[in-house]
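Report on the following structure.
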Amino acid sequence: MAGERHNTSLSRWRGRGITCLLALVLLTGCDGEVGRSPPLQKGAHRGPVDPGISAETRQALALRIQGQRDPVGLHQPLNPASLPAEGADATVDGRIATQRF
Amino acid sequence: MARMKFLCDSERCIECNACVTACKNEHEVPWGINRRRVVTLNDGKPGERSISVACMHCSDAPCMAVCPVDCFYQTAEGIVLHNKDQCIGCGYCFFACPFGAPQYPEGTNFGGRGKMDKCTFCAGGPEVHGSEAEFKKYGRNRIAEGKLPLCAEMCATKSLLAGDGDKVSAIYRERVTARGFGSGAPGWSTAYGPKI
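Protein chains in written order, with the working numbering: chain A, 8 to 108; chain B, 182 to 377.
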């Protein structure tokens, strides 16, 4: 009877020991987060921001944006009259010579 | 200059995934993370269309609204950027984003996600322009070099347009007029409001 009680308390202490060890392992795994206090007040961004771009860069960007426009003549209406007939040499202006569509 | 915006003309997208590849290569995005994806709508059905999706840099960005540590901000051009030093990887922005743009590089046994990563419109982040730190955290800063996002610049069919919202929508309108029908520009109204 006394031996059984001794075994129970031993296993309880062993269980506590394992729990403490696990907690220690978990805590050491958070090394990067130690001493870090995340700001949890909701509001506006208060950290560093992008330095911004110059007027010249804006100009260069505007030119690039225009470059996305299709070349003139590409949007010709595709109707039977605008397409060359079978075997004909005629090509639609602005297209590759052998291209039919 | 008005706000910078993305527009995907689904009538032109041929699902080549060049935008995805270009983005990954330009920013050296790690394995398992895609800042941009090509999504097929109505797959296998009549009216099937593909669109290229990434962070749309929304006018009223929901990610900014839900972030508990306010790590998001908008630049003067309307580009939505975030500070990785402030991000706690909570994942709120992922749940708020209608486009599924936020990505998380880690998946640990303890549920850690790592710092959130997303499309920066090739505008880097809150670091010195062109610095090593900026490249490592956010990728290349093409905007500071006067260049547009690479995904749009190298789109073979010019399906993906990027830049000043007014000019981009004007280009799209010209196309719609020329071909006689629109593609609906999927995602535009969700990100920027109903008008195009």
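Think of the CB as a built atom: it goes at the ideal place given N, C-alpha and C, for glycine as much as any other residue. Since we're looking at a predicted model, the values are computed, not measured.
Could you check how far apart the C-beta atoms of Cys244 (chain B) and Cys204 (chain B) are, in whole angstroms? I think they sit under 8 Å.
Cys244 (chain B) to Cys204 (chain B), Cβ: 19 Å. No contact.
Shorter than 9 Å from the beta carbon of Ala67 (chain A) to some beta carbon of chain B?
For Ala67 (chain A), the answer is yes, since a Cβ of chain B falls inside 9 Å of its Cβ.
Label Phe302 (chain B) either buried or exposed according to how many other C-beta atoms from any shown protein chain fall within 10 Å of its C-beta, with 16 as the threshold for buried.
The residue is buried, with at least 16 neighbouring Cβ atoms inside 10 Å.
Using a C-beta to C-beta distance shorter than 7 Å, which residues of chain B count as neighbours of Val56 (chain A)?
Near Val56 (chain A) (Cβ distances below 7 Å), the residues of chain B are Tyr254 and Pro307.
Would you kindly work out how many angstroms separate the C-alpha atoms of Gly258 (chain B) and Glu334 (chain B), rounded to a whole number?
One detail in the question is off: residue 258 (chain B) reads as Glu in this sequence, not Gly. Each residue's Cα considered, the two are about 18 Å apart.
So which residues on chain B does Thr35 (chain A) lean against when the C-beta distance must stay under 7 Å?
What Thr35 (chain A) touches in chain B: nothing, since even the nearest Cβ is about 13 Å away.
Does the region 22-33 of chain A come close enough to the region 229-239 of chain B that 3 or more CB-CB pairs lie under 8 Å?
No, they do not touch.
Does chain A have any CB closer than 9 Å to the CB of Ala325 (chain B)?
Yes, contact with chain A.
Can you pull the chain B residues whose beta carbon is under 8 Å from the beta carbon of Arg53 (chain A), in chain order?
What Arg53 (chain A) touches in chain B: Asp251.
Does DSSP put His208 (chain B) in a helix, in a strand, or in coil?
His208 (chain B) falls in the helix class under three-state DSSP.
Against chain A, does Phe276 (chain B) count as a neighbour if the rule is that its beta carbon must be under 9 Å from one of theirs?
No, Phe276 (chain B) does not count as interfacial toward chain A.
I'd like to know if Thr26 (chain A) contacts chain B, where contact means its C-beta is closer than 9 Å to some C-beta of that chain.
Not one chain B Cβ lies under 9 Å of Thr26 (chain A).
Whose CA, out of B:Ala366, B:Glu196, B:Ala246 and B:Phe253, lies closest to the CA of Ser231 (chain B)?
Closest by alpha carbon: B:Glu196.
Determine, using beta carbons only, whether Thr98 (chain A) comes closer than 9 Å to chain B.
In this prediction, Thr98 (chain A) scores a pLDDT of 49, lower than 50, which makes its location untrustworthy; the coordinate-derived value is nonetheless stated afterwards. Cβ-Cβ to chain B under 9 Å: no for Thr98 (chain A).
In the DSSP assignment, find the unbroken alpha helix (DSSP H) run with Ser370 (chain B) in it and report its ends.
Ser370 (chain B) -> alpha helix (DSSP H) spans Trp369 to Tyr373.
Consult DSSP for Asp251 (chain B) and reduce its assignment to one of helix, strand or coil.
Residue state, collapsed to three classes: coil.
Against chain B, does Thr64 (chain A) count as a neighbour if the rule is that its beta carbon must be under 9 Å from one of theirs?
Yes, Thr64 (chain A) lies at the interface with chain B (some Cβ there is under 9 Å from its Cβ).
Within a Cβ cutoff of 8 Å, which residues of the same chain sit near Cys194 (chain B), ignoring the five residues on either side of it in sequence?
These residues qualify, in order along the chain: Val219, Arg230, Ser231, Ile232, Ser233, Thr338, Ser340 and Leu341.
Does Arg19 (chain A) come out as helix, strand or coil in the three-state DSSP assignment?
Three-state result, Arg19 (chain A): helix.
Would you say Arg71 (chain A) faces chain C, with C-beta separation under 9 Å as the test?
Annotation note: the requested chain C is absent from the structure, which comprises protein chains A and B.
Output needed in chain order: residues of the region 342-373 of chain B with a Cβ under 9 Å from some Cβ in chain A.
Within the region 342-373 of chain B, the residues whose Cβ lies closer than 9 Å to some Cβ of chain A are Leu342, Ala343, Gly344, Asp345, Lys348, Val349, Ala351, Ile352, Glu355, Arg356, Thr358, Ala359, Arg360 and Gly361, listed in chain order.
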